[in-house]
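Going down the list, the sequences are from chains S and Y.
Under our numbering, the first sequence is numbered contiguously, ending at residue 336.
Under our numbering, the second sequence is numbered contiguously, ending at residue 258.
For every residue, glycine included, the Cβ atom is placed at its ideal position computed from N, Cα and C.
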Amino acid sequence: MSKLKGKVAIVTGGARDIGLAISVKLAKEGAKVVVNYFNSESEAKETVDKIKAAGGEAMAVKADVSKLDDIEKLKAKSVEAFGDKVDILVSNAGGLFARRTLQEFDEAFYNLVMDVNFKSVVFIMQAFVPLMGKGSSIINLSSQAARDGGGGGSSLYASSKGAVSTFTRAMSKELGPKGIRVNALCPGLIGTKFHDDFTKDDVRTKVAAITPLRREGSAAEVADLVAYLASDESSFLTGNNVDINGGLAFS
Amino acid sequence: MNKNKDKVAVVTGATGGIGFAVAKRLGEDGYTVVLNGIEDEAGAKRVEELAAEGIAAEYYGFDVTKDEQVTSNITKIGEKYGRIDVLVNNAGGLGGRSRFEEMTTDFYRFVMALNLDSVFFASRAAIPFLKKGDHPSIINYTSNAGWTAGGPGAGIYGTSKAGVHALTRALAKDLAEYGIRVNAVSPGTIDTPFHAQIKATKPEVFASWANSIMLGRLGQPEDVASVVSFLASKDASFITAETIQIGGGQALGI
């Protein structure tokens, strides 16, 4: 199992939940992984230790990917450690932060959600694409919320993910001629801390029950899809938003 | 290491360009491959080609538009191996071009049978054997034409593929309780013998097609095969009722 051997991968928000699973999976497939984190310092260290223990290569880098200065620092650290070439860029960092209705949120909350979920994707790509060449792959984490408008109080989250899906399509056009593929994936209900924090247990049970596969997905299953989209196996896929939701929602 | 040892894949329409690439890929992945077609000579040759690469393969000649032929053959295959792990409903086609005012009922029925009935017949017959498979799944083929309703004279083709799109989702819902996943692929313009004539006679037209595709080239049968291979694998275990476009960015947002 080494379909990403020798490749360099950046995973934003790569130390927790789905991001953690992605970092570990890409490393397992042979990639050198830059595990970006912001709040999760100890988790980032554990992620890198776990990868190294399995014989892989990884490095943790703290950066707030909604800040352009921090993105530049992340880029500089990546170049210093793994050279001036990046093959795989996974924009996974993001969050819901809180459930707030139209009358409950303010401008600061709007900016927070849009910056972390969307601005980060835009400027991470702007910074890293010059290091990416033919055959490289960009994978953005969108969401089922981008398709269906999201659950209660998550309108800004859903809209930010809608922007991610559209930006993904636009960039697949702009970067396709350079041989860079750009895809997104739209996870449905995945069993993670995200839902531990923001979704009530009875809602999760209910959603799992109406999901055709009758369960939540796992972070590892999302990571498997990311690894596929990162690999040369998917060399003719670009501009796609791939649903991974156990059949719960149709787009 | 062969993680797919003992697994059985059935690929309909497997003597042609894409179908054969899919059969070959699944064979390389370790499956025993059952190829279907209607040209028995070509089928025998394809089996030989696979055997030369060490792939266990068999050919069953039957017409996917005929309920009885499909049901009896799929049942025979399932009973022989005791399982079917992957059913790839690859058979299909344009069938010709016809505008509605001159379209015969026979033509209508033929195109619908070739693209839509065939998926129903084969899937229904395979269910008892898919239930005995490991991470079993069905993979269907839809098309951009399912959304755009097809080019000139291809309205019924488009309609049949829209049917496959809905049938994929309906099967996914219905079969999920058995752990059977059902997905579709939607290939864009793929470089197959289907386009050989235009490639030879109008190379400039053929080349211009690639320019309309973001990745600057036509798809290869292997591009479709690799997506089918992924959807069939355990790595796609939470993906069902999904359609994946394989167009190099050819048709976004549909």
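Requested in this report: Select from the stretch 225-255 of chain S all residues with a C-beta closer than 8 Å to any C-beta belonging to chain Y, and list them in chain order.
Outcome: Against chain Y - using a Cβ distance shorter than 8 Å - the residues of the stretch 225-255 of chain S are 254.
Query raised in the report: What does residue 103/Y touch in chain S if you count any residue whose Cβ is under 8 Å from its own?
Result: Looking up residue 103/Y in the second sequence gives position 99. Within chain S, no residue has its beta carbon less than 8 Å from that of residue 103/Y; the closest one is some 32 Å off.
Query raised in the report: Could you check where the alpha helix (DSSP H) with residue 293/S kicks off and where it finishes?
Result: Locating residue 293/S in the first sequence gives position 208, counting from the first residue. Start and end: 286-295.
Query raised in the report: Below 8 Å, can you find three or more Cβ-Cβ pairs linking the stretch 120-136 of chain Y to the stretch 60-73 of chain Y?
Result: In short, these stretches touch, since the Cβ pair count reaches three.
Query raised in the report: Which residue comes first and which comes last in the alpha helix (DSSP H) that contains residue 247/Y?
Result: Stepping through the second sequence from its first residue, residue 247/Y is reached at position 243. Where residue 247/Y is concerned, there is no enclosing alpha helix (DSSP H), although the beta strand (DSSP E) it sits in stretches over 247-250.
Report task. Could you tell me the boundaries of the beta strand (DSSP E) in which residue 171/S lies? Result -> For this step, residue 171/S is matched to residue 86 along the first sequence. Per DSSP, residue 171/S belongs to no beta strand (DSSP E) and is neither H nor E.
Report task. Examine the Cβ distances between the stretch 197-216 of chain S and the stretch 168-177 of chain S and report whether three or more of them are shorter than 8 Å. Result -> A contact is defined here as three or more CB-CB pairs under 8 Å, and the stretch 197-216 of chain S meets this definition with respect to the stretch 168-177 of chain S.
Query raised in the report: Around the C-beta of residue 105/S, are 16 or more other C-beta atoms found within 10 angstroms, so that it is buried, or is it exposed?
Result: Start at 1 with the first residue of the first sequence, and residue 105/S comes out as number 20. Residue 105/S should be labelled buried.
Requested in this report: In the DSSP assignment, find the unbroken beta strand (DSSP E) run with residue 205/Y in it and report its ends.
Outcome: Translated into the one-based positions of the second sequence, residue 205/Y becomes position 201. Note, residue 205/Y: premise wrong, no beta strand (DSSP E); alpha helix (DSSP H) at 200-205.
Requested in this report: With DSSP collapsed to three states, give me the class of residue 339/S.
Outcome: What is shown of chain S runs 86 to 336, which leaves residue 339/S out entirely.
Query - For residue 191/Y, the three-state DSSP class (helix, strand or coil) - result: Here the question's residue 191/Y lines up with position 187 in the second sequence. Note: residue 191/Y maps to strand in three-state DSSP.
Query raised in the report: In chain order, what residues of the stretch 314-332 of chain S put their CB closer than 8 Å to some CB of chain Y?
Result: The residues in question are 318, 319, 320, 321, 322, 323, 324, 325, 327, 328, 329, 330, 331, 332.
Requested in this report: Determine the chain S residues that contact residue 249/Y at a beta-carbon separation under 7 Å, and present them in chain order.
Outcome: If you number the second sequence from 1, residue 249/Y lands on position 245. Correct list: 325.
Report task. With 8 Å as the C-beta to C-beta threshold (strictly closer), list the residues of the stretch 155-178 of chain Y near chain S in chain order. Result -> Residues passing the 8 Å Cβ filter: 173, 176, 177.
Requested in this report: Please compile the residues from chain Y whose C-beta is within a distance smaller than 7 Å of the C-beta of residue 297/S.
Outcome: Position 212 of the first sequence, counted from the first residue, corresponds to residue 297/S. Result: 176, 177, 180, 244, 245.
Report task. Measure the C-alpha to C-alpha separation of residue 84/Y and residue 263/S and round it to an integer number of angstroms. Result -> On the second sequence, residue 84/Y is found 80 positions in, with the first residue counted as 1. On the first sequence, residue 263/S is found 178 positions in, with the first residue counted as 1. Their Cα atoms are separated by approximately 49 Å.
Query - Cβ neighbours of residue 305/S in the same chain (closer than 8 Å, five flanking residues each side left out) - result: As a first step, residue 305/S must be located in the first sequence, where it is residue number 220. The beta carbon of residue 305/S sits closer than 8 Å to the beta carbons of 106, 110 from its chain, once the five residues preceding and following it are set aside; these are given in chain order.
Query - From 194/S, 328/S, 180/S, residue whose alpha carbon lies closest to that of residue 186/S - result: Working through the first sequence from its first residue, we reach residue 186/S at position 101. Minimum Cα distance to residue 186/S is reached at 194/S.
Query - Beta-carbon neighbours of residue 227/Y, restricted to chain S and to distances below 7 Å - result: The residue you call residue 227/Y lines up with position 223 of the second sequence. Correct list: 320, 321.
Query raised in the report: Are the C-beta atoms of residue 230/Y and some chain S residue less than 7 Å apart?
Result: Mapped onto the second sequence, residue 230/Y falls at position 226. Against chain S, the CB of residue 230/Y has a partner CB under 7 Å away; the residue lies at that interface.
Query raised in the report: With 7 Å set as the bound, which would you pick, yes or no: does the beta-carbon of residue 89/Y sit closer than that to a beta-carbon of chain S?
Result: Position 85 of the second sequence holds residue 89/Y. Chain S contact via Cβ: absent.
Requested in this report: For the beta strand (DSSP E) containing residue 178/Y, list its first residue and its last residue.
Outcome: Numbered from 1 along the second sequence, position 174 holds the residue referred to as residue 178/Y. Element bounds for residue 178/Y: not the beta strand (DSSP E) but the alpha helix (DSSP H), 159-179.
Query raised in the report: At what residues does the alpha helix (DSSP H) containing residue 100/S begin and finish?
Result: In the first sequence, counting from the first residue as 1, residue 100/S sits at position 15. Per DSSP, residue 100/S belongs to no alpha helix (DSSP H) and is neither H nor E.
Query raised in the report: How far does the beta strand (DSSP E) with residue 63/Y in it reach, from first residue to last?
Result: The residue you call residue 63/Y lines up with position 59 of the second sequence. Start and end: 61-65.
Query - Distance between residue 131/Y and residue 17/Y (C-alpha atoms, nearest Å) - result: Reading the second sequence from its first residue, position 13 is the one you call residue 17/Y. Reading the second sequence from its first residue, position 127 is the one you call residue 131/Y. Straight-line Cα distance between these residues: approximately 19 Å.
Requested in this report: Answer with yes or no whether the minimum CB distance from residue 190/Y to chain S is below 7 Å.
Outcome: Within the second sequence, the letter at position 186 stands for residue 190/Y. Residue 190/Y does not count as touching chain S.
**Report entry** 7 Å CB neighbourhood of residue 115/Y in its chain, flanking five on each side removed
**Finding:** Indexing the second sequence from 1 puts residue 115/Y at position 111. The beta carbon of residue 115/Y is closer than 7 Å to those of 99, 160, 161, 164 in its chain, skipping five residues each way along the sequence.
Report task. Count the other CB atoms, across all protein chains shown, that sit within 10 Å of the CB of residue 313/Y; report buried if there are 16 or more and exposed otherwise. Result -> With chain Y covering 5 to 258 only, the question about residue 313/Y has no answer from this structure.
**Report entry** Any chain Y beta carbon closer than 7 Å to residue 302/S
**Finding:** Counted from its first residue, the first sequence places residue 302/S at position 217. Under the Cβ criterion of 7 Å, residue 302/S is counted among the residues facing chain Y.
**Report entry** Proximity below 7 Å, CB of residue 178/Y to CB of residue 222/Y
**Finding:** Stepping through the second sequence from its first residue, residue 178/Y is reached at position 174. Stepping through the second sequence from its first residue, residue 222/Y is reached at position 218. Contact flag unset, no.
Query raised in the report: Nearest-angstrom Cα distance between residue 339/S and residue 182/S?
Result: Chain S is shown only over 86 to 336; residue 339/S falls outside these bounds and no answer can be derived.
Requested in this report: Note down, in chain order, all residues in the stretch 190-219 of chain S with a beta-carbon under 8 Å from any beta-carbon belonging to chain Y.
Outcome: The stretch 190-219 of chain S vs chain Y, Cβ under 8 Å: nothing.
Query raised in the report: For residue 199/S, which option in 245/S, 115/S, 280/S has the closest C-alpha, if you only look at C-alpha atoms?
Result: Stepping through the first sequence from its first residue, residue 199/S is reached at position 114. The alpha carbon of residue 199/S has as its nearest neighbour, out of 245/S, 115/S, 280/S, the alpha carbon of 245/S.
Report task. Could you spell out where the alpha helix (DSSP H) holding residue 113/Y opens and where it closes? Result -> The residue given as residue 113/Y occupies position 109 in the second sequence. Boundaries of the alpha helix (DSSP H) around residue 113/Y: 109-116.
Query raised in the report: Pick from 94/Y, 53/Y, 242/Y: whose alpha carbon is nearest that of residue 185/Y?
Result: For the purposes of this step, residue 185/Y is taken as residue 181 along the second sequence, with counting starting at 1. Answer by Cα proximity: 242/Y.
Query raised in the report: What does residue 261/S reach in chain Y if we use C-beta pairs closer than 9 Å?
Result: Position 176 of the first sequence holds residue 261/S. Residue 261/S reaches chain Y at 217, 218, 219, 220, 252, 253, counting residues in chain order whose Cβ is nearer than 9 Å.
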